[in-house]
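See below for the structure under consideration.
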Amino acid sequence: MSASVEAAQVPRQPAGGYFRWTICVLLLFAAIINYVDRQVIGILKPTLTQVFGWSDERIYSSIVFSFQLAYALGFVFAGRFMDAVGVRRGFAISVSLWSLAAAAHGLAGLVPDQWRLPMLNLDAATGFAWVTLTGGAVGLAVARFALGIGESGAFPASIKTVAEWFPKRERALATGIFNAGTNVGALVTPLVVPWIALHLGWAWAFILTGMVGFLWVAAWLYFYRPPDQHPRLKPAELAYIRSDPPDPEVRIPWRALLPHRQTWAFAIGKFMTDPIWWLYLFWIPDFFHRNHGLDLKSIGLPLVVIYLVADVGSIGGGWISGWLMKRGWTANRARKTAMLLCALCVVPVMFAAYVKSLWLAVALISLAAAAHQGWSANLFTLTSDMFPRKAVGSVVGIGGTSGAIGGMFIAMLVGAILQATQSYMSIFIMAGTMYLLALGIIHLLVPRLEPARLQEG
Numbered sequence: 130m131s132a133s134v135e136a137a138q139v140p141r142q143p144a145g146g147y148f149r150w151t152i153c154v155l156l157l158f159a160a161i162i163n164y165v166d167r168q169v170i171g172i173l174k175p176t177l178t179q180v181f182g183w184s185d186e187r188i189y190s191s192i193v194f195s196f197q198l199a200y201a202l203g204f205v206f207a208g209r210f211m212d213a214v215g216v217r218r219g220f221a222i223s224v225s226l227w228s229l230a231a232a233a234h235g236l237a238g239l240v241p242d243q244w245r246l247p248m249l250n251l252d253a254a255t256g257f258a259w260v261t262l263t264g265g266a267v268g269l270a271v272a273r274f275a276l277g278i279g280e281s282g283a284f285p286a287s288i289k290t291v292a293e294w295f296p297k298r299e300r301a302l303a304t305g306i307f308n309a310g311t312n313v314g315a316l317v318t319p320l321v322v323p324w325i326a327l328h329l330g331w332a333w334a335f336i337l338t339g340m341v342g343f344l345w346v347a348a349w350l351y352f353y354r355p356p357d358q359h360p361r362l363k364p365a366e367l368a369y370i371r372s373d374p375p376d377p378e379v380r381i382p383w384r385a386l387l388p389h390r391q392t393w394a395f396a397i398g399k400f401m402t403d404p405i406w407w408l409y410l411f412w413i414p415d416f417f418h419r420n421h422g423l424d425l426k427s428i429g430l431p432l433v434v435i436y437l438v439a440d441v442g443s444i445g446g447g448w449i450s451g452w453l454m455k456r457g458w459t460a461n462r463a464r465k466t467a468m469l470l471c472a473l474c475v476v477p478v479m480f481a482a483y484v485k486s487l488w489l490a491v492a493l494i495s496l497a498a499a500a501h502q503g504w505s506a507n508l509f510t511l512t513s514d515m516f517p518r519k520a521v522g523s524v525v526g527i528g529g530t531s532g533a534i535g536g537m538f539i540a541m542l543v544g545a546i547l548q549a550t551q552s553y554m555s556i557f558i559m560a561g562t563m564y565l566l567a568l569g570i571i572h573l574l575v576p577r578l579e580p581a582r583l584q585e586g
């Protein structure tokens with residue numbers, strides 16, 4: 130049913146209040162905290178390498194792998210967990226777990242050196258090899274795994290909250306607002322974390338940023354109730370929230386989606402390109418330290434520039450395809466053209482490790498990060514082009530898991546390459562080509578963006 134027909138059937142009514150936007154602000158801050166806690170370790174990687182005396186790059190890559198593994202596993206079950214316990218309790222548990230885990234990173238220095246944790250990793254010569262983590266690295270890996278489990282609940286909980294608290298006509302706006310928190314978090318982290326680490330020590334950078342999450346949990350438990358149970362919600366606003374026609378949620382099992390090439394097109398796109406964003410989050414500070422001598426005092430501004438430009442790409446990438454469609458282009462042609470432009474804009478990042486100028490390297494990475502965000506905006510939109518609304522959530526879940534699995538591989542691969550070559554050159558070459566390869570595979574699987582024909586029942 131078209132949006133215009135739905136709008137005709139559901140007469141607009143006064144909102145009756147604005148308390149629902151208080152809930153949206155809570156979701157925004159949850160996203161900010163989520164990204165801060167996720168990104169701290171990347172900024173402190175050069176410091177941690179020196180403190181713990183890591184001589185093998187695969188030690189850090191194994192720690193990053195621990196997060197990616199947990200995030201992939203957690204993403205599979207997080208939605209069902211939120212459905213089972215309710216979003217009020219479920220989101221509080223999720224944030225409490227990841228906040229405790231984030232703060233626990235700061236206690237890694239207390240782990241005895243006798244503690245050992247063997248982890249399977251890649252090796253440039255033999256293919257696979259066991260890397261044994263000891264002492265602080267064990268503590269960081271365990272904390273990182275717990276962080277991944279906790280953070281995997283954030284997106285499903287936020288989406289479920291928006292569905293409970295907003296009518297359909299406002300859900301896209303509410304989702305856009307809370308999702309902007311990831312960009313805010315990416316900007317805040319390089320400004321706050323180096324300052325804390327320089328003045329109080331690296332451990333306090335983890336502890337203080339982690340403890341912020343518990344303040345959020347207190348606010349969440351204080352303010353959040355289901356709309357029909359909330360004492361602060363006026364009857365008129367509740368009626369506005371419930372103004373849509375009944376639309377019972379239908380869960381489409383993954384087994385019903387996996388036979389369709391449209392599912393694989395989206396999942397492969399996520400598998401090949403999500404890891405590049407993880408690369409930027411967890412490894413770019415180390416790249417700037419190695420290639421340009423940046424330390425905690427100087428790393429902040431380049432990272433802020435990169436994520437500011439990435440924000441522009443997030444908006445611009447989605448705008449391009451919409452503008453083309455308004456000019457009469459088909460969704461297939463408009464989406465793929467926008468994705469092709471983004472993929473081409475990523476290509477110059479191949480030269481980031483070759484240039485001698487810091488700000489030229491920042492410019493190349495900024496362009497690639499912006500292009501990634503534009504690519505992602507269009508890639509997510511493909512799901513609504515190819516699947517009925519009731520299946521989109523499940524398809525996004527498959528894609529999210531696929532992207533996290535790709536992140537596991539990139540963590541091991543980057544560590545093995547750095548250990549063998551001590552250079553980011555081949556890593557950036559891989560990053561620069563992955564989007565064009567992914568687009569080619571997507572086009573082979575779905576030459577036209579045709580809706581998948583799902584079996585009912």
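Note that my numbering gives residue 447 to position 318 of the sequence shown, counting from 1, and the numbers run on in steps of one. The C-beta atom is built at its ideal place from N, Cα and C for all residues, glycine as well.
{"query": "Between the C-alpha atoms of V321 and G330, what's the straight-line distance to the nearest angstrom?", "result": "13 Å"}
{"query": "In terms of residues, what are the limits of the beta strand (DSSP E) holding P247?", "result": "245-252"}
{"query": "Determine the DSSP secondary structure at L262, reduced to helix, strand or coil.", "result": "strand"}
{"query": "When the Cα atoms are used, what is the spatial distance from D514 to F335?", "result": "41 Å"}
{"query": "Taking the alpha carbon of I188 as the reference point, which residue from A199, K174, Y200, L198 has its own alpha carbon closest?", "result": "K174"}
{"query": "If you compare alpha carbons, which of A332, G314, V154, K426 is closest to T304?", "result": "V154"}
{"query": "Closest to F82 by CA distance: which of T255, A482, I571 is it?", "result": "Residue numbering for the chain in the displayed model covers 130 to 586; residue 82 lies beyond these limits and cannot be assessed."}
{"query": "Is it the case that the Cβ atoms of A497 and T338 are separated by a distance below 8 Å?", "result": "no"}
{"query": "Would you mind sorting L432 into buried or exposed? The rule is 16 or more other CB atoms within 10 Å of its CB.", "result": "buried"}
{"query": "Of all the options I494, M401, W227, S443, which has the alpha carbon lying nearest to the alpha carbon of S531?", "result": "M401"}
{"query": "Looking at A201 and A283, is the spacing between their C-beta atoms short of 8 Å?", "result": "no"}
{"query": "Who are the Cβ neighbours of L493 in its own chain at under 8 Å, not counting the five residues just before and after it?", "result": "P477, V478, F480, A481, V484"}
{"query": "Under 7 Å Cβ to Cβ from M563, same chain only, skipping five residues before and after it: list those, please.", "result": "M401, T402, I405"}
{"query": "My guess is that G314 and N507 are in contact by the Cβ rule of under 8 Å, so how many angstroms apart are they, rounded?", "result": "Not quite, the Cβ-Cβ distance comes to about 23 Å (not below 8 Å), so this is no contact."}
{"query": "Determine whether the beta carbon atoms of A533 and F204 lie at a separation below 8 Å.", "result": "yes"}
{"query": "Are the beta-carbon atoms of R298 and L574 separated by less than 8 Å?", "result": "no"}
{"query": "Tell me which same chain residues have a C-beta within less than 7 Å of the C-beta of I558, skipping the five on either side of it?", "result": "M479"}
{"query": "Taking three-plus beta-carbon pairs below 8 Å as touching, is the stretch 408-416 in contact with the stretch 289-298?", "result": "no"}
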